[in-house]
Amino acid sequence: MKEKELKKIIDTFFVCNKEELVEIFEEFLNALDAESNLSPGGCMSRNYETAQANPEIHNLPGNLKDARDAIFPYFWGTDEWYSKLHLENVKGPANYASLIGAIACLLKNPNLCVDTYSHRSNELEVKAITALANLVFYHTDSPWGIFNMGGTISNLYGGRIGIEKVLPGAMTKGLQGSKIIGVVSGAAHYSNETLAGWLGLGTDHLISVPTDERFAMDLNLLEQLLNRSYRENKKVAFVIATFGTTDAFGMDDIAEIRRIMDEQAEIAQQPKPQLHVDGAVGWMLCFLNEYDLIKNPFSLTTEILQIVEKAQKCSEKLKEADSITVDFHKMGWGHYPSSAFIVNRREDLKYLNRSKAQIPYFSEAKYRHDPALFTLECSRPAIGPYSVMASLNGIGLTGYQMLIARSLEMAFKMKQILSELKYCKVLNPKSVGPNVVWWVLPKGRNAEEIYQELVAGTLSKEDKNRYFEEMKHLFDKRVSTLDPMKDARLSYTNSTGYSPHESQIPAWKAVFFNPRTDEEVIERIRHSIEHL
Ligand SMILES: *Cc1c(COP(=O)(O)O)cnc(C)c1O
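For any residue, its number in the working numbering is found by taking its place in the sequence shown, counting from 1, and adding 12.
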């Protein structure tokens, strides 16, 4: 062995050289600074061709600056989404308290699978999960859960428990040809299709219940579906309700869904399915649970107070759920990956146990120390717990309340402005979230009338297609003429989730997620629409 060279490698890459690290870190921060003067959207064009053709690896050992240089163009060419003009979707900016947490986590690099690999980081996960559980379930005795890489996986955990509940032994024996279904709403996130496929249920057996105009699952149709399914001798593994749909922020009625599910299961003398709530985006409304509507400490307007009151009423029903998905990397403004899967009652985790035959339930100690006994993952990052606890205690409950209330204010303002334009129509006027979905038709058209005809089923297919084409055309026109330094970046959805007479409804979309987005941005949107 070349001892001298080896020692150099160890000294460079396995010994912490503070000065060099700080220097490089500062360079990254300076790049962020410089970037803030540019328009959002990535300040470098992509070069995918060479990414595959030239995946170079240095031959000789180098230093930390080589590491920096290897990734810098890609770092520079990536938008950090701090710009107030980003309204496309529920995406970043991550807050800087979360950064402190995330960096601390990376410095220790714990693996949350077992206590012996992660020590107090595992304890921090218990704390973070319990903090979030108390927020969403409000009063809960024995919540438990884990962090994982995203809402998709959190939903997968919920679906998995449901299958095991109605088909015990499925973990070892598989589905054994059982007729088994899962239920979601027509406005649910596509991740539910992913889990139905990956869990072996099959996407054909994930049944979506159409939503009403509020983008909430139609409860009569849910009842009929469950009744019919049981009569056809199908097993119902789970209902995944959506608490805040991704496009229009529709809210399923959790308490009513619970009542209907339990009633139908009882009539059919079948085990109760899992009621999992996909709260990936909507969970953040729970920060407002204790906002005092009478004292109104933030001096919110009457309209916003009404929205907060409605949010409180919806959130109260979450305690009826068996489990929930909380994406802290969405409206917790945390870093990826920070999704939490939380069960309302700890004993439900027994359904995830790897060797159920041997261990019918976990002892307290095992739960606490070895989540790997039931988690999908073997190696699990701790970014989630670090991001959550750093953010919650940096920003504080009141801070979060203010941030959420600001989002609601901006969304409301946007809706108000659009409702003054006759050729525009807000599709989710009553929703309680930061999302606005709307139509923009050519001037002279009456958007409200056209919408009512669509809902009534009196709009011809030709007219409908023409209007939708006009709307997309206007959206593209705005994109090609906007001033990237001043005009907000919006998005376009082909289906908002409400499909009257089975026709999907497209819309322009804006999500008021970024706390820096102000009224000026909204005024510019009005201006850009008026001048199309
Ligand atoms: C974003 C989202 C998901 C998926 O979550 P990821 O963290 O992106 O995997 C699931 N459900 C809803 C409602 C979402 O908005």
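Virtual Cβ for every residue (Gly too), placed ideally from N, Cα, C.
Excluding the 5 residues flanking it on each side, K246 has same chain C-beta neighbours closer than 8 Å at K191, I192 and I193, in chain order.
Closer than 8 Å to some heavy atom of ligand 1: that describes the Cβ of V293. Per DSSP, the continuous alpha helix (DSSP H) segment holding W210 begins and ends at S203 to W210. One thing to note: L119 has its Cβ no nearer than 9 Å to the Cβ of S133. Annotated three-state conformation of A43 is helix, per DSSP. For C390, same chain residues with a beta-carbon under 8 Å away, outside a window of 5 residues either side, are C125 and A384 in chain order. By the Cβ neighbour-count rule, C298 is buried, with 16 or more other Cβ atoms within 10 Å of its own.
Per the DSSP secondary-structure output, F250 pairs in a beta bridge with G194 and Q286. In this structure, K342 has its CB closer than 8 Å to one or more heavy atoms of ligand 1.
For L218, the beta-bridge partners assigned by DSSP are G194.
Sequence-distant Cβ neighbours of L502 in its own chain, meaning closer than 8 Å and more than five residues away, are L99, E100, F487, R490, W520, K521, A522 and I537.
Around the beta carbon of L305, fewer than 16 other beta carbons sit within 10 angstroms, so the residue counts as exposed. With a beta-carbon spacing of about 6 Å, F424 and E315 fall inside the 8 Å limit used to define contacts. The three-state secondary structure of C125, taken from DSSP, is coil. Distance from Y363 to I173 at the Cβ level is roughly 5 Å; contact confirmed, criterion being Cβ atoms closer than 8 Å. In this structure S48 is exposed. Its beta-carbon is surrounded by fewer than 16 other beta-carbon atoms within 10 angstroms. Out of P512, P454, Y510 and S507, the CA that lies nearest to the CA of H485 is found in P454. Just so you know, the alpha carbons of V338 and Y463 end up roughly 34 Å apart. By the criterion of a C-beta distance shorter than 6 Å, L147 is surrounded in its chain by C298, once the five residues flanking it on both sides are discounted.
Taking M401 as the centre and dropping the five residues before and after it, the same chain places the C-beta of G113, L136, K139, A140 and A143 closer than 8 Å to its C-beta, in chain order.
Between F255 and S419, the C-beta spacing is not below 9 Å. The Cβ-Cβ distance between T223 and Y510 falls below 9 Å.
For Y94, the CB contacts under 6 Å within the same chain, skipping 5 residues up- and downstream, are P105 in chain order.
Looking only at C117, D127, G212 and N440, the smallest Cα-Cα distance to I319 is reached by N440.
Note that the C-beta distance between M422 and V452 is not below 9 Å. Contact check between the region 65-84 and the region 18-27: three or more CB pairs, one atom from each, fall below 8 Å, which counts as touching.
Counting only runs that start and end inside the region 361-440, the beta strand (DSSP E) elements of at least 3 residues fall at 436-438. One alpha carbon belongs to L287, the other to S197, and they sit about 13 Å apart. Under DSSP, V138 forms no beta bridge with any residue. Excluding the 5 residues flanking it on each side, L211 has same chain C-beta neighbours closer than 8 Å at L168, G171, R172 and I175, in chain order.
Looking only at G89, M161 and P446, the smallest Cα-Cα distance to P349 is reached by M161. A direct Cα-to-Cα measurement between S241 and V248 gives close to 8 Å.
Proximity of the beta carbon of I165 to ligand 1 is indicated: a heavy atom of the ligand is located closer than 8 Å.
Look at W345 here: in three-state DSSP terms it is coil, with no helix or strand label.
Taking 4 residues as the shortest admissible run, the region 469-514 contains the following complete alpha helix (DSSP H) segments, listed from N- to C-terminal end: 473-493.
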